[in-house]
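Enquirer: Structure incoming, see below.
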Amino acid sequence: MSSVTAAEVLVDSLHDWGVNTVFGIPGDGINGIMEALRTRQDKIRFVQVRHEEAAAFMACAYAKYTGKLGVCLATSGPGGIHLLNGLYDAKMDCQPVLAVTGMHYHDLIGTLAQQDVELDKLFEDVTVFNQRVMGVTHVENLVDLACRTAISYRGVAHITFPTDLQDQELSRKQASKRNLPHHTSDVCAQGARLPSVEDLRRAADVLNAGKRVAILAGQGALRAGEQLEAVAERLGAPIVKALLGKAAVPDDSPYTTGGIGLLGTKPSQTALEECDTLLIVGSSFPYIEFMPKPGKARGIQIDIDPRRIGLRYPVEIGLVGDCRRALDELLPLLQRQDDREFLGKAQKRMAEWQANLRKQEGRSDLPMKPQMVAAELGRRLAATAIISCDSGTNTTWWARHIPAKRGQMYSCSGNLASMAAGLPYTIAAQIAYPERQCVAFVGDGGFSMLMAEFATAVKYHLPIKVVVLKNNTLGQIKWEQMVFLGNPEYGCELQPIDFAAFARACGGHGFTIDDPATCGDILDEALAMREPTLIEAVVDPYEPPMPPSVTIEQAAHFASSLAKGEPNRKKIALTVAEDKIREMV
Ligand SMILES: Cc1ncc(C[n+]2csc(CCOP(=O)(O)OP(=O)(O)O)c2C)c(N)n1
Ligand SMILES: [Mg+2]
Numbered sequence: 041m042s043s044v045t046a047a048e049v050l051v052d053s054l055h056d057w058g059v060n061t062v063f064g065i066p067g068d069g070i071n072g073i074m075e076a077l078r079t080r081q082d083k084i085r086f087v088q089v090r091h092e093e094a095a096a097f098m099a100c101a102y103a104k105y106t107g108k109l110g111v112c113l114a115t116s117g118p119g120g121i122h123l124l125n126g127l128y129d130a131k132m133d134c135q136p137v138l139a140v141t142g143m144h145y146h147d148l149i150g151t152l153a154q155q156d157v158e159l160d161k162l163f164e165d166v167t168v169f170n171q172r173v174m175g176v177t178h179v180e181n182l183v184d185l186a187c188r189t190a191i192s193y194r195g196v197a198h199i200t201f202p203t204d205l206q207d208q209e210l211s212r213k214q215a216s217k218r219n220l221p222h223h224t225s226d227v228c229a230q231g232a233r234l235p236s237v238e239d240l241r242r243a244a245d246v247l248n249a250g251k252r253v254a255i256l257a258g259q260g261a262l263r264a265g266e267q268l269e270a271v272a273e274r275l276g277a278p279i280v281k282a283l284l285g286k287a288a289v290p291d292d293s294p295y296t297t298g299g300i301g302l303l304g305t306k307p308s309q310t311a312l313e314e315c316d317t318l319l320i321v322g323s324s325f326p327y328i329e330f331m332p333k334p335g336k337a338r339g340i341q342i343d344i345d346p347r348r349i350g351l352r353y354p355v356e357i358g359l360v361g362d363c364r365r366a367l368d369e370l371l372p373l374l375q376r377q378d379d380r381e382f383l384g385k386a387q388k389r390m391a392e393w394q395a396n397l398r399k400q401e402g403r404s405d406l407p408m409k410p411q412m413v414a415a416e417l418g419r420r421l422a423a424t425a426i427i428s429c430d431s432g433t434n435t436t437w438w439a440r441h442i443p444a445k446r447g448q449m450y451s452c453s454g455n456l457a458s459m460a461a462g463l464p465y466t467i468a469a470q471i472a473y474p475e476r477q478c479v480a481f482v483g484d485g486g487f488s489m490l491m492a493e494f495a496t497a498v499k500y501h502l503p504i505k506v507v508v509l510k511n512n513t514l515g516q517i518k519w520e521q522m523v524f525l526g527n528p529e530y531g532c533e534l535q536p537i538d539f540a541a542f543a544r545a546c547g548g549h550g551f552t553i554d555d556p557a558t559c560g561d562i563l564d565e566a567l568a569m570r571e572p573t574l575i576e577a578v579v580d581p582y583e584p585p586m587p588p589s590v591t592i593e594q595a596a597h598f599a600s601s602l603a604k605g606e607p608n609r610k611k612i613a614l615t616v617a618e619d620k621i622r623e624m625v
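What follows is the structure, encoded as structure tokens:
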């Protein structure tokens, strides 16, 4: 039998776990692993990125969009440190990700040598599994347990690998006497957790007794759309969607009132305020001020993670299990609610809300309104498009003005709410689904953080489309400073970049849209491109992302920020006043 190196054992084991893509950047701490990847290119594709943070975001997005393990690789010291933000994104949105990092020579660790960072210690907080390789015969056991733990506990596993051990040949002589070869398994055992019959019956009793049931659907409900709609129909219940649950049911479903929270809709907020019973399906939506007051409604929660039952609302019954299967079991126990008034009212309010959105989207102002750009894009997206966004005001426009259609996928950095995720998410989506339309909808601040990844898309001929909302400001923060604290904006203006020229400089296509009259045609042309394409949309920096309803405190803060010397107060006041008037007429 020909000999294999420890790094080859790592790569072969990953392949056995079904891994076929690894995102990363080489370095002297992982060159042994790179060699194993080089000689196994037919099994695993190595995608070279420009920043390890992007590799971790890609691994996270790969997991989100495929349901499979995402894998990233970084060298010792700085490479591993760069991964962290993307790994936290995976941790906080509960995605199975394996990070492999390099480490210094095994016998120099802890001796102040170059790049001697004990990454296992650093990664302690972000991981559900975190080990350093102690010898060549350790690798197979570690990989099996790392992959299994990441998948079963929906979190980040980390293996850090001393560089000199990577190219050592596997010799069973080195194994301890209890470490028999191949004593671990690479079988991916899927849990089929279902709530107990008793709990399902109790939950059904509560739901059947409700007169005004609302459903809050999150990321965990993404693969349970049909079931959600069936339950909503049976109970006459509106479906309110948390941000990560945007694609759980399409926005044209008669049952949904769209998103919830600051970037959600008023009808969703009202539904949660007025419901007497709340069914939470796969969501840990963190803004509890939008939930019913504790005790105001009876609560039922379905979640795959028992720890999360009762996390944000004091529910009476927790159904622990896969949302789709749990809803399948629940449905036959539910009686049809004959009083359709609660759903009917929500639908009426939603129609009014939609009419207001359409007004915003139809505006032909210069500079362009971001709502208009989002809507024009949304109209043109393919039936199976995958659309990722960043954190910022762009998230609000994405959430409200790009309607999710059946068959599309949507995601962003949800609980971490990190900027810069949109582009790496889109690259990962395109790698996972070469035939689908993959689009990033991002802000100029977030995009510029990891914009070098556009060159990654060019390198691999990925026909991604990136829509950059260019408002030359960290828009979201500007509004937060004014509306939440009553202060003038500070530190928010951005040095403008010619993003279209940048895209061309990378070898891709670059378009600029600055006029509503040509916006649609340019989008058509850009979306038809077969190489990476960036569309820079020059939008109004003074357009506020209005919350579904403005509190008196927010209005007072806003007024005080203008009075305190907000530098752009005239333009801002005019824009806000004009928006308000248009809403009324
Ligand atoms: C990595 C990171 N840094 C800072 C923040 C705080 N933050 C949230 S939104 C935002 C502004 C985003 O600006 P831009 O990408 O231009 O989007 P816009 O709000 O203008 O649409 C900032 C700084 C964050 N969420 N993530
Ligand atoms: Mg911006």
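Note that the working numbering has the sequence shown beginning at 41, numbered continuously upward. Glycine included, each C-beta is placed from N, C-alpha and C at the ideal position.
Just tell me which of Thr310, Asn71, Ala425 and Arg609 has its CA closest to the CA of Pro503.
Expert: Walking along the sequence shown from the start, residue 503 turns up at place 463. Nearest option by C-alpha distance: Ala425.
Enquirer: Measuring from the CB of Thr79, is there a heavy atom of ligand 1 at a distance below 8 Å?
Expert: Indexing the sequence shown from 1 puts residue 79 at position 39. The answer is no for Thr79.
Enquirer: Determine, using beta carbons only, whether Gly339 and Leu319 come nearer to each other than 9 Å.
Expert: Along the sequence shown, one-based indexing puts residue 339 at 299. Along the sequence shown, one-based indexing puts residue 319 at 279. Yes.
Enquirer: Identify the continuous beta strand (DSSP E) that holds Lys35 and give its terminal residues.
Expert: Nothing about residue 35 can be read from this structure; the chain reaches only from 41 to 625.
Enquirer: When the Cβ atoms of the segment 456 to 470 are set against those of the segment 122 to 141, are three or more pairs found closer than 8 Å?
Expert: Yes: at least three Cβ pairs fall under 8 Å.
Enquirer: Run through DSSP, which three-state label would Leu614 get?
Expert: Locating residue 614 in the sequence shown gives position 574, where the first residue counts as 1. In the structure shown, Leu614 sits in a helix (DSSP, three-state: H, G or I).
Enquirer: When you compare only the Cα positions, how much space is there between Gly67 and Glu75?
Expert: Working through the sequence shown from its first residue, we reach residue 67 at position 27. Working through the sequence shown from its first residue, we reach residue 75 at position 35. Distance between the alpha carbons of Gly67 and Glu75: 11 Å.
Enquirer: Strictly by DSSP, which residues pair up with Asp226?
Expert: What you label residue 226 is simply residue 186 of the sequence shown in a count that begins at 1. Looking at the DSSP assignment, Asp226 forms no beta bridge with any residue, so it has no partner.
Enquirer: Is Gln630 a contact residue of ligand 1, with contact defined as CB to any heavy atom under 8 Å?
Expert: There is simply no residue 630 to check, as the chain begins at 41 and stops at 625 in what is shown.
Enquirer: For the alpha helix (DSSP H) that contains Gln309, what are its first and last residues?
Expert: What you label residue 309 is simply residue 269 of the sequence shown in a count that begins at 1. Residues Lys306 to Glu314.
Enquirer: Give me the Cβ distance between Arg365 and Met331, rounded to the nearest whole Å; I'm assuming they're in contact under 8 Å.
Expert: Reading the sequence shown from its first residue, position 325 is the one you call residue 365. Reading the sequence shown from its first residue, position 291 is the one you call residue 331. Not quite, the Cβ-Cβ distance comes to about 25 Å (not below 8 Å), so this is no contact.
Enquirer: Identify the continuous beta strand (DSSP E) that holds Gln74 and give its terminal residues.
Expert: Taking the sequence shown and counting its residues from 1, the one referred to as residue 74 is at position 34. It should be noted that the sequence gives Met, not Gln, for residue 74. Unbroken run through Met74 is the alpha helix (DSSP H), Asn71 to Arg78; no beta strand (DSSP E).
Enquirer: Alpha carbons only, please: which of Arg212, Gln375, Arg233 and Leu159 is nearest the one belonging to Lys251?
Expert: Along the sequence shown, one-based indexing puts residue 251 at 211. The candidate whose alpha carbon is nearest that of Lys251 is Gln375.
Enquirer: Are the CB atoms of Val173 and Phe201 within a distance shorter than 9 Å?
Expert: Position 161 of the sequence shown holds residue 201. Position 133 of the sequence shown holds residue 173. Yes; because the gap between Cβ atoms is below 9 Å, this pair is in contact.
Enquirer: Give me, in chain order, the residues of the same chain whose beta-carbon lies closer than 6 Å to that of Gln206; leave out the 5 immediate sequence neighbours on both sides.
Expert: For the purposes of this step, residue 206 is identified with residue 166 of the sequence shown, where counting begins at 1. These residues qualify, in order along the chain: Ala46, Ala47, Gly72 and Ile73.
Enquirer: For Cys666, report the span of its alpha helix (DSSP H) as first-last.
Expert: Lying outside 41 to 625, the shown extent of the chain, residue 666 is not represented and no answer is given.
Enquirer: For my contact list, Ala261 and Gly322 are in at a C-beta cut-off of 8 Å; report their separation, rounded to the angstrom.
Expert: Within the sequence shown, residue 261 is the residue found at index 221, counting from 1. Within the sequence shown, residue 322 is the residue found at index 282, counting from 1. So it is a contact: roughly 4 Å between Cβ atoms.
Enquirer: Give me the DSSP bridge partner(s) of His198.
Expert: Here residue 198 is taken as the residue at index 158 of the sequence shown, counted from 1. According to DSSP, which records beta bridges pairwise, His198 is partnered with Ala139 and Asn170.
Enquirer: Tell me the DSSP bridge mates of Ile575?
Expert: Counting from one through the sequence shown, the residue named residue 575 turns up at place 535. Looking at the DSSP assignment, Ile575 forms a beta bridge with Val507 and Phe551.
Enquirer: Ala366: beta carbon under 8 Å from a heavy atom of ligand 1?
Expert: On the sequence shown, position 326 is the one that residue 366 refers to. No, since every heavy atom of ligand 1 falls outside the 8 Å radius drawn around the Cβ of Ala366.
Enquirer: Going by the beta-carbon positions, is the gap between Ala423 and Arg446 smaller than 9 Å?
Expert: The count along the sequence shown starts at 1 and reaches residue 423 at position 383. The count along the sequence shown starts at 1 and reaches residue 446 at position 406. Yes.
Enquirer: Over the uninterrupted alpha helix (DSSP H) stretch that includes Ala395, give me the two end residues.
Expert: Here residue 395 is taken as the residue at index 355 of the sequence shown, counted from 1. Residues Glu381 to Glu401.
Enquirer: Would you decide whether Val280 is buried or exposed? Buried here means 16 or more other CB atoms lie within 10 Å of its CB.
Expert: The residue given as residue 280 occupies position 240 in the sequence shown. With 16 or more Cβ atoms within 10 Å of its Cβ, Val280 is classed as buried.
Enquirer: What are the boundary residues of the alpha helix (DSSP H) that Leu370 is part of?
Expert: Looking up residue 370 in the sequence shown gives position 330. Cys363 to Leu370 is the span of the alpha helix (DSSP H), which, as asked, contains Leu370.
Enquirer: Does DSSP classify Val111 as helix, strand or coil?
Expert: Within the sequence shown, the letter at position 71 stands for residue 111. In the structure shown, Val111 sits in a strand (DSSP, three-state: E or B).
Enquirer: Given a cut-off of 9 Å on the beta-carbon distance, is the pair Leu509 and Pro584 in contact?
Expert: Your numbering for residue 509 matches position 469 in the sequence shown. Your numbering for residue 584 matches position 544 in the sequence shown. For Leu509 and Pro584, no; Cβs fall outside 9 Å.
Enquirer: Just jot down, in chain order, the residues whose CB lies closer than 7 Å to any heavy atom of ligand 1.
Expert: With the cut-off at 7 Å, the residues found are Asn125, Asp430, Ser431, Gly432, Thr433, Asn434, Ala457, Ser458, Met459, Ala460, Val482, Gly483, Asp484, Gly485, Gly486, Phe487, Met489, Leu509, Asn511, Thr513, Leu514, Gly515, Gln516, Ile517 and Leu534.
Enquirer: When the Cα of Ser285 is compared with those of Gln594, Ser324 and Val51, which residue comes out closest?
Expert: Counting from one through the sequence shown, the residue named residue 285 turns up at place 245. According to the sequence as given, residue 285 is Gly; it is not Ser. Here the closest residue by C-alpha is Ser324.
Enquirer: Taking C-alpha atoms, which residue in Leu50, Asp430, Val140 and Ser601 lies nearest to Leu283?
Expert: Working through the sequence shown from its first residue, we reach residue 283 at position 243. It is Asp430 whose Cα lies nearest to the Cα of Leu283.
Enquirer: Does the segment 154 to 163 come into contact with the segment 211 to 218, if we say contact requires no fewer than three beta-carbon pairs (one atom in each stretch) closer than 8 Å?
Expert: No, they do not touch.
Enquirer: Which of the three DSSP states is assigned to Met489 in this structure?
Expert: Taking the first residue of the sequence shown as position 1, residue 489 is located at position 449. Three-state DSSP puts Met489 in a helix.
Enquirer: Over the uninterrupted beta strand (DSSP E) stretch that includes Ala153, give me the two end residues.
Expert: For this step, residue 153 is matched to residue 113 along the sequence shown. Counting along the chain, Ala153 falls outside any beta strand (DSSP E), and DSSP gives it neither H nor E.
Enquirer: Output needed for Gln521: all residues of its chain with C-beta closer than 6 Å, excluding positions within five of it in sequence on either side, in chain order.
Expert: For the purposes of this step, residue 521 is taken as residue 481 along the sequence shown, with counting starting at 1. Closer than 6 Å at Cβ, skipping near neighbours: Asn527 and Glu529.
Enquirer: Just checking, does the segment 285 to 296 make contact with the segment 433 to 445 on the three C-beta pairs under 8 Å criterion?
Expert: At 8 Å Cβ cutoff, the stretches touch.
Enquirer: Measuring only the C-alpha atoms, how far is Asp538 from Gly485?
Expert: Looking up residue 538 in the sequence shown gives position 498. Looking up residue 485 in the sequence shown gives position 445. For Asp538 and Gly485, the distance between alpha carbons rounds to 13 Å.
Enquirer: Buried or exposed: where does Tyr102 fall if 16 or more other Cβ atoms within 10 Å of its Cβ makes it buried?
Expert: In the sequence shown, counting from the first residue as 1, residue 102 sits at position 62. Its Cβ being crowded by 16 or more others within 10 Å, Tyr102 is buried.
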